[in-house]
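Trainee: Sending over a structure as structure tokens; questions will come in a sec.
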Amino acid sequence: MSIIVSIFKKELIDVLRDRRTLMFMVVIPILITPLLIIGSIKFQEYQNKKSEEKILKIAYINESEDSLTKQLLSDQKGVKIIEGFQ
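Residue numbering for the sequence shown follows my numbering, starting at 183 and increasing by one per position.
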């Protein structure tokens with residue numbers, strides 16, 4: 183067990199001595215993680231804005247003359263009703 187502990191201590195000292203390895207282990211993740219989180223949040227906001235601006239075209243065939251359905255559909259934001267579609 184003593185050999186394993188001494189090897190572990192030696193490897194730990196070697197890793198801490200090497201500045202480039204230490205930078206890749208500590209500094210780079212500290213910088214990259216917030217950038218990835220902020221980037222994904224901004225991308226999601228962009229996709230939400232893009233989907234809100236999109237207008238859906240709905241074909242409405244009024245067989246039963248039920249105007250409530252048409253009114254409910256037309257009250258929705260981003261919905262355009264196309265009548266007489268065949």
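Glycine is no exception: its CB is placed at the ideal position from the N, C-alpha and C atoms.
#1: Pick helix, strand or coil for K262, following the three-state DSSP scheme.
#2: What number of angstroms, rounded off, separates the C-alpha of E174 from the C-alpha of G221?
#3: Would you grab the beta carbon distance between M252 and I263 for me? Rounded to a whole angstrom, and I think it's under 8 Å.
#4: Looking at the structure shown, is K236 part of a helix, part of a strand, or coil, going by DSSP?
#5: Could you pull the start and end residues of the alpha helix (DSSP H) that I195 belongs to?
Mentor: Concretely, from the data shown:
#1: Looking up residue 262 in the sequence shown gives position 80. The three-state reading of DSSP puts K262 in strand, counting E and B together.
#2: Outside the modelled stretch of the chain, which goes from 183 to 268, sits residue 174, for which no answer is possible.
#3: Numbered from 1 along the sequence shown, position 70 holds the residue referred to as residue 252. Numbered from 1 along the sequence shown, position 81 holds the residue referred to as residue 263. The question names Met, but residue 252 is Lys in the sequence shown. Sure, about 7 Å apart at Cβ, within 8 Å.
#4: Residue 236 sits at position 54 when you count from the first residue of the sequence shown. Residue state for K236 is assigned as coil, using DSSP reduced to three classes.
#5: Walking along the sequence shown from the start, residue 195 turns up at place 13. 184 to 199 is the span of the alpha helix (DSSP H), which, as asked, contains I195.
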